[in-house]
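Visitor: As they're listed, the protein sequences go chains A, B, C and D. Residue 383 is where the first sequence starts when you use the numbering used here, and the numbers rise one by one after that. Residue 383 is where the second sequence starts when you use the numbering used here, and the numbers rise one by one after that. Residue 383 is where the third sequence starts when you use the numbering used here, and the numbers rise one by one after that. Residue 383 is where the fourth sequence starts when you use the numbering used here, and the numbers rise one by one after that. Quick reminder that beta carbons are idealized off the backbone N, C-alpha and C, glycines included. As the structure is a prediction and not an experimental result, all values here were calculated from the model. The structure that follows is given in the form of structure tokens.
There are 4 protein chains.
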Amino acid sequence: MGMVGGGLDAFIGAVHRRAAAFDNEIELVCGVFSQSPEKSKAAGHAFYLPEDRVYASFEEMIQREKELPEDVRMDFISIVTPNHMHFPPAKMALENGFHVICDKPMTLNLEEARELAEIVKKSGLVFGLTHNYTGYPMVKEARDMVRSGKLGAIRKVVVEYPQGWLSKFEEGNDYKQAIWRTDPTKSGAAGCMGDIGTHAENLAEYITGLKISELCADLTTFVPGRQLDDDGNVLLRFDNGAKGVLHASQISNGEENSLKIFVYGELGGLEWHQMEPNTLKFKSQEDQRIIRPKVNALSAAANAHVRVPAGHPEGFFEAFANIYRNFAFAVKAHMNGQQPDPLYDFPGVEDGVRGLAFIDTVITSSQSDEKWTKFIH
Amino acid sequence: MGMVGGGLDAFIGAVHRRAAAFDNEIELVCGVFSQSPEKSKAAGHAFYLPEDRVYASFEEMIQREKELPEDVRMDFISIVTPNHMHFPPAKMALENGFHVICDKPMTLNLEEARELAEIVKKSGLVFGLTHNYTGYPMVKEARDMVRSGKLGAIRKVVVEYPQGWLSKFEEGNDYKQAIWRTDPTKSGAAGCMGDIGTHAENLAEYITGLKISELCADLTTFVPGRQLDDDGNVLLRFDNGAKGVLHASQISNGEENSLKIFVYGELGGLEWHQMEPNTLKFKSQEDQRIIRPKVNALSAAANAHVRVPAGHPEGFFEAFANIYRNFAFAVKAHMNGQQPDPLYDFPGVEDGVRGLAFIDTVITSSQSDEKWTKFIH
Amino acid sequence: MGMVGGGLDAFIGAVHRRAAAFDNEIELVCGVFSQSPEKSKAAGHAFYLPEDRVYASFEEMIQREKELPEDVRMDFISIVTPNHMHFPPAKMALENGFHVICDKPMTLNLEEARELAEIVKKSGLVFGLTHNYTGYPMVKEARDMVRSGKLGAIRKVVVEYPQGWLSKFEEGNDYKQAIWRTDPTKSGAAGCMGDIGTHAENLAEYITGLKISELCADLTTFVPGRQLDDDGNVLLRFDNGAKGVLHASQISNGEENSLKIFVYGELGGLEWHQMEPNTLKFKSQEDQRIIRPKVNALSAAANAHVRVPAGHPEGFFEAFANIYRNFAFAVKAHMNGQQPDPLYDFPGVEDGVRGLAFIDTVITSSQSDEKWTKFIH
Amino acid sequence: MGMVGGGLDAFIGAVHRRAAAFDNEIELVCGVFSQSPEKSKAAGHAFYLPEDRVYASFEEMIQREKELPEDVRMDFISIVTPNHMHFPPAKMALENGFHVICDKPMTLNLEEARELAEIVKKSGLVFGLTHNYTGYPMVKEARDMVRSGKLGAIRKVVVEYPQGWLSKFEEGNDYKQAIWRTDPTKSGAAGCMGDIGTHAENLAEYITGLKISELCADLTTFVPGRQLDDDGNVLLRFDNGAKGVLHASQISNGEENSLKIFVYGELGGLEWHQMEPNTLKFKSQEDQRIIRPKVNALSAAANAHVRVPAGHPEGFFEAFANIYRNFAFAVKAHMNGQQPDPLYDFPGVEDGVRGLAFIDTVITSSQSDEKWTKFIH
């Protein structure tokens, strides 16, 4: 693995590195960790990389690595830069034969996303997108329960993602994470909706297997001086006639990272909270069950993503690691000329296109006087 | 107290009777408990009433009681019939000098509500509306915290009221509670939104002190054959610029009576769940507190509605009893020519008008292609 | 009902009155509410009693009421005084033909308890003891699950009752509840163990149907100047070979009224918390279920003690009212010459004797160097 | 790092490897993963080790590695075998200049533990013991709160560790984890008390800074045919006069891995549950606070063990990794001739001796008729 971005002061880069290493399937062999060559070198040193595998630009990395012997060079790149720097390295890597795993949202805008989807298709290579919340075992279980009909036809979905960390003008406080996420040139057209609204959208579609067909959004920028939305409320309609609500916020004061989803069908309902990820609740009018890893007889899909006995909490890193491990399995399968095992799934370029389409649609809707805006796709 | 409705097979009538009796301030002295004189008599007998105080119609009750000596006759009537039978006895009672406490929604439609507001005003009598969830001590505390500025300016409100009990066509099962609630001639123009959406609306406005100024609603009837909405999702805008979401449902399979509210301000957030009513959560980016009766130094408003030491759970009946006790205090004050004590507040006719206006507005909005519908008032 | 104790400044008296009145089966007709005749009169006035039914002593009340016509006089007395004043009125009432319901612990000491058991037996009258926590529907359900074998043979019981309200020397603060509870002449030989340890003991035996056969106790008085134990830890052995732990405390700083019980059998385990009384958890190695009123198909025993639909929280008063209602049913049955319906059970004199025996046993054990002390009975 | 034990079918070996690798401070360079040379080789291959660094015995590993150049050979060994195989490799490694990190309980018996303590002392080398639950940030915070006096003098400690996985005779089911843990030749003199009771004992002493001075234990073997205790209840007395309860079980049917601790002092109480490890509750009679990573201003000790923003759950692996990282820091410091930074603490040989002493003491007490047994040390 060669990494693009993720220097010593980045948050998500360290998460990706730990996730990649977690199952001993992936080794960091090279990287360009910063736009500043000095910072990149310092990071490479801290990560115990040889100096000649720490590069000054992604272009240099891709070119030089390509020239290395096959068993030495990196197999894929991991892109963990701010959003505006996803597309260029992804495109160049794919065009030079490297697989790609990339943070979300996939690109700066929908146009890039569509172009990237074409490039991936043409390349035949593996593309992974780190919608990491789909890596939790109980999310896999929830999806399996819906698929296997335990809820009956889905009628209603409520997905919510409140955070409070941008309740003040943090981008004025030299707070790096806040600065780029509220800067449209780096984050894209949406703030909150791009950063976490897309996670909510992806999770809802992943678990239910449904697609949002139209929506009605009300986005707001509450904090004076902020350039992008920091809150959004959205009515959803799904392609099977189900209805829903999605709300996400970065000004929900006091909320940590409180992604939750509720799915109701004709036969029962499900509830999952990211902050207590090892518990899935199933409810009907006659029964309420707590579903837990290594307690219940989980689906094969869920079991394939658990590493410990009951009651040993797995969390954020382990779910993230599941995405990386599954991506690594797919890369291995590709190298061996095999099809990837569907048990070890991970989000891909189509999820990325839908994410950018979601961003475009909520912005269009929020600016419109019409009630319903078709999901652009 | 004279009761209208609430026979032996009714749910809410028994609740009202227990709530009224709870603090030993109110005595049931007469009633008309059913449209059937036999059933009414049987109920009166079960409630240990003398036969001559059990009536065949509310008209008879009001006329006869009026003729009794002042210290014998009922002081007020309690109306616990289906919605279409709220307005007639309320009007007649008020016009004959009796105070009124009434179940919600206040009337069958907005027109009646407005007329009733006029009648109450003209009468100078006390009118109470049993939006019982405002009777919980921790709801009082939440309102006090907002009022006293502990949250700063309110930015976002999420209020949700999922139930699952109408997930099937229960009105076909000789299930009395389901039958009248899904019958527009008895329930009014809305089903779920009238029955529980109004509670959510009332709670949000009660706690925040804000008014909904416009909204965007998507109501649905999921169960085939049903005449009224059984689910609704609503975007809210408040008069101070705050945004919000209200969703209510009777097809959220497996949910019991899960009214919850989340209020976020510039300084902090609050969270309250009806099913764990003695806990109020306060959260900011630096602190998370569990606020509990008789633990924290609560506001006078909250303390005035707690009856037991810490850790002795009070619930639905006690909150309902708070409404009745406060109403009784106001009736007493009226009898003594005094002003009611604002510490012992309860919902009134204006809440009732807003409830019916809410119903009208969500129905109008749901049928409209325009995004925002002004809150009709 | 005639009440002994429970003046205007008492806590538990008001609870008993509300509980007695809750189901409209019991009417307060007379009382002696205080040792001070003035205070007793004031209380009687506040409770809307006629002056001639408010007495100066329990002796006077019993004598005078006995002289009243049968359909006028009280049917039973309710004793809500401090512990040292339980036995005398109970004895006199029973010997004069009145049924008795009494707060716990039943008497000041085991000798009185045994004598009272004899008196009850001889009288043939109904005796109830307000171990109110057995009135919760989910406690009934737990007992039913054990009885019907859903847990298999019971192996282990953990019952804990931590409170924190006596963490300081509150009896020095003119705090009435603290003063008598820490005074051996009024409370008896034990403090914490008598006040709440007996509840824990009773609950464990009630749910499991087992009897404690021997125990090993370590009682402590932590707060300087206090006369009685304020904390106790006890190892338990049950008559079927099950083991257990009971710990109770009034210096567990920050705890409210946190009675909890965990019962483990060969097939599964149960968990119930008094502060969230409407939830019963059942767990096995393959399943975890949340059992809730009006959701699950509860036992007849549990259903007979629920009054509201799912999700409408019932609490402390309702459980207490269940004890009173069931006692009233038994009194009615007695009047009609019938056997009481076992569905409507309530704690009786035998529970009271075991409670006092428990107090004696833990005190003996705590003072002993021997490991195990046989449960005195 | 060279590993002893932890083959492909072991649970805890994989945990140690992931924990060791988590912070990129430790590299697995060699190992002996099984008593079977074939299995050891297969494991080494799976872990991407060169063949010549996979050994047939720990003796061979220590000898051969010692002969390698300093910058190539392993720096320390990690021992993850069953308990009876802890002491021999630990002793030999230390005597040959290698640091040691070892699973708990430290040795098969107290005699070995004391000898090992001597060897560690003589060697001057670093010894770590994976009482992993002390690696959780909120456990560090709890300890810091006690140390800094926020609870006042500690009065009571309740620590409980119920599991249910040995509710049946699993050792008869070819279940490797069950077989060795219930075999006294491999596990030692205690079953449940050795495996998890020691964790509870260690946690209580770690957080409070107190030492158990005497105890009274009742150990039981519930499952027929089992050779060691599967349940134990213990009364505790601490060296400052505090009292406590410790109970641990492997037959608490339906419990997962439910380690919990409650600490009560003169000023407040703390509560922590391993299964929701990112929440620490602080309670007093006036306040209840939820303390969470990156929300509250945590102590330096806690902050040094958190890797993610608020609301991103860290769990079992991350806590385990904290032990390994801190051990690695101490090894580095040792190599550089520096003192270890006390901020990055981890359990050591003295904790190990107390663990074995605890096992001896509870067994002695359980077999004794005397109430109190001094903590053997």
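In whole angstroms, what is the alpha-carbon distance linking D/Glu-523 and D/Lys-665?
Guide: 15 Å
Visitor: Could you work out which residue in A/Asn-660, A/Phe-469 and A/Ala-560 is closest to A/His-760 when comparing CA atoms only?
Guide: The structure shown does not extend to residue 760 of chain A, since chain A spans only 383 to 759, so no value can be given for it.
Visitor: Under 8 Å, do A/Ser-748 and A/Leu-601 count as touching if we go by C-beta distance?
Guide: yes
Visitor: Among D/Thr-564, D/Ile-444 and D/Leu-507, which residue has its Cα nearest to the Cα of D/Met-717?
Guide: In terms of Cα proximity to D/Met-717, the closest of D/Thr-564, D/Ile-444 and D/Leu-507 is D/Leu-507.
Visitor: DSSP three-state label for C/Gln-559, please.
Guide: helix
Visitor: Which one or two residues does DSSP pair with B/Ala-630 in a beta bridge?
Guide: B/Tyr-543 and B/Gly-614
Visitor: If you follow the alpha helix (DSSP H) that A/Val-386 is part of, which residue opens it and which one closes it?
Guide: Judged by DSSP secondary structure, A/Val-386 falls outside any alpha helix (DSSP H) and instead within the beta strand (DSSP E) spanning 384-386.
Visitor: Going by DSSP, what residue range makes up the alpha helix (DSSP H) through B/Ser-747?
Guide: 731-749
Visitor: What is the rounded straight-line gap between the Cα of B/Met-456 and the Cα of B/Glu-447?
Guide: 7 Å
Visitor: Rounded to whole angstroms, what's the CA-CA distance from D/Thr-463 to D/Ile-408? Just pull it up for me.
Guide: 20 Å
Visitor: Considering only the alpha carbon of each residue, which of B/Arg-496, B/Asp-621, B/Glu-732 and B/Arg-399 lies closest to B/Ala-535?
Guide: B/Asp-621
Visitor: Write down the C-beta distance between C/Lys-568 and C/Asn-465 rounded to the nearest angstrom, noting that I regard them as a contact closer than 8 Å.
Guide: 6 Å
Visitor: Along the chain, where does the alpha helix (DSSP H) containing B/Ser-418 start, and where does it finish?
Guide: For B/Ser-418, there is no enclosing alpha helix (DSSP H), as DSSP gives it neither H nor E.
Visitor: When we look at the beta-carbon of A/Tyr-543 and count the other beta-carbons within 10 Å, is it buried (16 or more) or exposed?
Guide: Counting the other Cβ atoms within 10 Å of the Cβ of A/Tyr-543 gives 16 or more, which makes it buried.
Visitor: Starting from B/Val-540, find everything on chain D with Cβ-Cβ shorter than 8 Å and list it in chain order.
Guide: Per Cβ cutoff of 8 Å: no residues; B/Val-540 is ~17 Å from chain D at best.
Visitor: Going along chain B, which residues have a C-beta under 8 Å from C/Tyr-706?
Guide: Correct list: empty, because the minimum Cβ distance to chain B is about 13 Å.
Visitor: Got a sec, what are the start and stop residues for the beta strand (DSSP E) B/Thr-512 sits in?
Guide: No beta strand (DSSP E) holds B/Thr-512; DSSP gives it neither H nor E.
Visitor: When DSSP builds the beta bridges, which residues end up paired with D/Gln-670?
Guide: DSSP output for D/Gln-670 lists D/Lys-665 as bridge partner(s).
Visitor: Going along the chain, which residues of the stretch 664-679 of chain C sit with their C-beta nearer than 9 Å to a C-beta in chain A?
Guide: Lys-665, Ser-666, Gln-667, Glu-668, Asp-669, Gln-670, Arg-671, Ile-672, Ile-673, Arg-674, Val-677, Asn-678 and Ala-679
Visitor: List the residues of chain A that D/Ser-640 touches, going by C-beta distances under 8 Å, in chain order.
Guide: Gly-693
Visitor: For A/Trp-562, I'd like the list of residues in its chain whose CB is within less than 7 Å of its CB, leaving aside the five on either flank, ordered along the chain.
Guide: Pro-464, Lys-568 and Ser-569
Visitor: Which term fits D/Lys-558, buried or exposed, when burial requires 16 or more other beta carbons within 10 angstroms of its beta carbon?
Guide: exposed
Visitor: Hey, is A/Glu-655's beta-carbon within less than 8 Å of any beta-carbon in chain B?
Guide: The sequence shown places His at residue 655 of chain A, not Glu. Not one beta carbon of chain B lies nearer than 8 Å to the beta carbon of A/His-655.
Visitor: Within this structure, are the beta carbons of A/Cys-484 and A/Leu-511 separated by less than 8 Å?
Guide: Yes, these two residues count as a Cβ contact at 8 Å.
Visitor: When you compare the CB positions of A/Val-414 and A/Met-443, do they come within less than 8 Å of one another, or not?
Guide: yes
Visitor: Quick one: residues in its chain with C-beta nearer than 8 Å to the C-beta of D/Pro-606, no 5 flanking neighbours on either side, listed in chain order?
Guide: Phe-551
Visitor: Could you work out which residues of chain C lie near D/Leu-662, taking near to mean beta carbons separated by less than 9 Å?
Guide: Those do not exist, as D/Leu-662 stays about 13 Å from chain C at its closest Cβ, beyond 9 Å.
Visitor: Whose C-beta lies closer than 7 Å to the C-beta of B/Val-411 among residues of the same chain, with five residues either side of it excluded?
Guide: Contacts found: Met-383, Gly-384, Arg-435 and Met-456.
Visitor: At 7 Å on the CB atoms, spell out the chain C contacts of D/Arg-537, in chain order.
Guide: Phe-604 and Ile-633
Visitor: Just the C-alpha distance for A/Ser-416 and D/Leu-652, rounded to the nearest angstrom, thanks.
Guide: 43 Å
Visitor: Below 8 Å between beta carbons: does that hold for B/Glu-696 and B/Arg-707?
Guide: no
Visitor: Give me the chain C residues within the contact set of D/Cys-598, using Cβ-Cβ distance strictly less than 8 Å, ordered along the chain.
Guide: Cys-598, Asp-600, Leu-617 and Lys-753
Visitor: Determine contact between the stretch 619-635 of chain B and the stretch 384-395 of chain C, defined as no fewer than three beta-carbon pairs at a distance below 8 Å.
Guide: Judged by Cβ distances under 8 Å, the stretch 619-635 of chain B makes no contact with the stretch 384-395 of chain C, as fewer than three pairs qualify.
Visitor: Could you check whether the Cβ of C/Pro-464 sits closer than 8 Å to any Cβ belonging to chain F?
Guide: No chain F is part of this structure, whose protein chains are labelled A, B, C and D.
Visitor: Quick test of the definition: if touching needs 3 or more C-beta pairs under 8 Å, does the stretch 425-440 of chain C touch the stretch 730-738 of chain B?
Guide: Because the criterion of three Cβ pairs below 8 Å is not met, the stretch 425-440 of chain C and the stretch 730-738 of chain B do not touch.
Visitor: Determine the closest residue to B/Leu-680 out of B/Asp-723, B/Phe-711, B/Arg-400 and B/Met-527, with distance taken between C-alpha atoms.
Guide: In this structure, B/Met-527 is the residue among B/Asp-723, B/Phe-711, B/Arg-400 and B/Met-527 with its C-alpha nearest to the C-alpha of B/Leu-680.
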